Each structure stands twice: as structure tokens, then as C-alpha cells.
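Participant:
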Amino acid sequence: MPISFRAASLLVGLTGAAIAIGFEWYAATGWLFLTERTGLLITLWTMLPYVMMSLGGYFFHRRDIQKHWLSFCAFEVLVVAWIYLQTIVIYPDPQGALIFLFLPLLQAGLNLAVGVVFYYLQYRSDQQH
């Protein structure tokens, strides 16, 4: 039985969130950062783009748009994981943890822009049929 689009978008979002939390854990050298308000807020902020990815499952009903959204999200998860790897593991820097503040902002903006474009394309396609 094939996996539904909602389940697939949720799976991609959860995978990205798990990768991001893993890099936060590595950067903070443990789970202690979650015991403070700031660490918890940064973790919630880091999860925002992945929640947006998962919500795509509720906005797109056309099969072609769904495939494009899933492809975009999977590609974004891979690129963001690579950026985290470069910033946190390969080239560590005292300011490297700022990636957890600014990368989710860029991701959320990109997700919103691409989501609006896909939604518009879906709307136009529905109007033509």
C-alpha cells in the first residue's frame, strides 16, 4: 500500500527535525540545553521549518504539486543537514551556534515562498480544469 502524501510530508518533516535536534545536541554536548528556557526556545525555533513542511500535506491536493513539494522538502532537508555538518562538525567556530537562529529563519522564508508559488500553481491549474 503506498504511503499517503500527508504521511510522507510528515515523515520528511520529522526526519529533518530529528537531524536538526541531533546537531543541536552535538553542538551543546548533551541534553542539558533543554533544561533552560533559552535552549527550549531555540529548539522550538529550529523546528518551525519542519512543521511548515509537514503542514504542506494539508494544503496541496494535486498529485503533481504534491510530488514537487515532497521533492523540494527532501532536498531542503539534505541541504540543511549538509550546512549543519559544515558549520558545527567540520569547521567548528565559536559563532557557529548562530546557525540555529538564522538558518531556520531562512528555511521558513523559503518554505513560505515555495509553498505560496505551489499553491498558486495549484489554484491556476484548478481554474483551468
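Residue numbering for the sequence shown follows the numbering used here, starting at 6 and increasing by one per position.
Backbone N, C-alpha and C define an ideal beta-carbon position, used for all residues, glycine too.
Remember, predicted model here, so these are calculated numbers, not experimental data.
Tell me which residues share the same chain as V17 and place their Cβ nearer than 7 angstroms to its Cβ, disregarding the 5 neighbours each side in the sequence.
Facilitator: Here the question's residue 17 lines up with position 12 in the sequence shown. Excluding positions up to five away in sequence, the list reads M58, L75, C78, A79, V82.
Participant: Below 8 angstroms between beta carbons: does that hold for F28 and I93?
Facilitator: Taking the sequence shown and counting its residues from 1, the one referred to as residue 28 is at position 23. Taking the sequence shown and counting its residues from 1, the one referred to as residue 93 is at position 88. In this structure, I93 lies closer than 8 angstroms to F28 by Cβ.
Participant: Can you look up R42 in the DSSP assignment and give me helix, strand or coil?
Facilitator: Within the sequence shown, residue 42 is the residue found at index 37, counting from 1. Helix.
Participant: Over what stretch of residues does the alpha helix (DSSP H) that includes G120 continue unbroken?
Facilitator: As a working mapping, residue 120 is identified with position 115 in the sequence shown. Its alpha helix (DSSP H) spans residues 104–133.
Participant: Return the residue from the list L115, P109, F10, E41 that minimises the CA-CA distance to G61.
Facilitator: The count along the sequence shown starts at 1 and reaches residue 61 at position 56. The shortest C-alpha separation from G61 is found at F10.
Participant: With contact counted as at least three CB pairs below 8 angstroms, one residue from each stretch, are the segment 118–125 and the segment 35–49 in contact?
Facilitator: Touching, no, given that fewer than three Cβ pairs across the two stretches are closer than 8 angstroms.
Participant: Give me the Cβ distance between I47 and F107, rounded to the nearest whole Å; I'm assuming they're in contact under 8 angstroms.
Facilitator: Locating residue 47 in the sequence shown gives position 42, where the first residue counts as 1. Locating residue 107 in the sequence shown gives position 102, where the first residue counts as 1. Not really, about 11 angstroms apart at Cβ, beyond 8 angstroms.
Participant: Is the beta carbon of S130 less than 8 angstroms from the beta carbon of R67?
Facilitator: Here residue 130 corresponds to residue number 125 of the sequence shown, with the count starting at 1. Here residue 67 corresponds to residue number 62 of the sequence shown, with the count starting at 1. The answer is yes: Cβ separation under 8 angstroms.
Participant: Here's the rule I'm using: 16 or more other beta-carbon atoms within 10 Å means buried, otherwise exposed. How should Y63 be labelled?
Facilitator: Along the sequence shown, one-based indexing puts residue 63 at 58. Counting Cβ neighbours within 10 Å, Y63 comes out exposed, since fewer than 16 surround it.
Participant: By a C-beta neighbour count over all protein chains shown, 10 Å radius and 16 as the cutoff for buried, is P97 buried or exposed?
Facilitator: Looking up residue 97 in the sequence shown gives position 92. Label assigned to P97: exposed.
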